[in-house]
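**Student:** For reference, each letter of the sequence shown is one residue, going 129 to 225 in the numbering used here.
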Amino acid sequence: MNESSQKGPGESGLYNRIAVLRAEHGISRQQLADAMEVNYQTIGFLERGDYGPSLKLAFAIAAYFGLPVEAVFSTEPLKPLSEQVYGASQPAAKEKP
129 MNESSQKGPG ESGLYNRIAV LRAEHGISRQ QLADAMEVNY QTIGFLERGD
179 YGPSLKLAFA IAAYFGLPVE AVFSTEPLKP LSEQVYGASQ PAAKEKP
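So, in structure tokens, the structure goes:
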């Protein structure tokens, strides 16, 4: 999923990058759900924005990925993490001819 083309926040009013983080870490919804002690469907609802997590769950998910909660959840569309960490988009390295 391309973070820059996120759909609306869904019913919860929150954007999140859970699906991107799961993909980057190579974990399934079930694995994350097991770690959070929730049903795997809850992770799907969160990813789609159909459900807003409790504060406890939001902090637990952020801690699982080693990120601050505001890097995982937002009320505004999330920029790619690389852009947030490094500032403006970095130009791709040019190959030497």
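The beta carbon of each residue, even a glycine, is placed where N, CA and C say it ideally should be.
Does DSSP classify Tyr168 as helix, strand or coil?
**Tutor:** helix
**Student:** What's the call for Pro205, buried or exposed, on a 16-neighbour Cβ count within 10 Å?
**Tutor:** Per the 10 Å Cβ criterion, exposed.
**Student:** Based on the DSSP secondary-structure assignment, which residues constitute the bridge partners of Phe201?
**Tutor:** In the DSSP secondary-structure assignment, Phe201 is bridged to Asn144.
**Student:** With DSSP collapsed to three states, give me the class of Phe193.
**Tutor:** Note: Phe193 maps to coil in three-state DSSP.
**Student:** How should Leu183 be labelled, buried or exposed, when 16 other C-beta atoms within 10 angstroms of its C-beta is the threshold for buried?
**Tutor:** exposed
**Student:** Look up Lys207 in the DSSP assignment and say whether it is helix, strand or coil.
**Tutor:** coil
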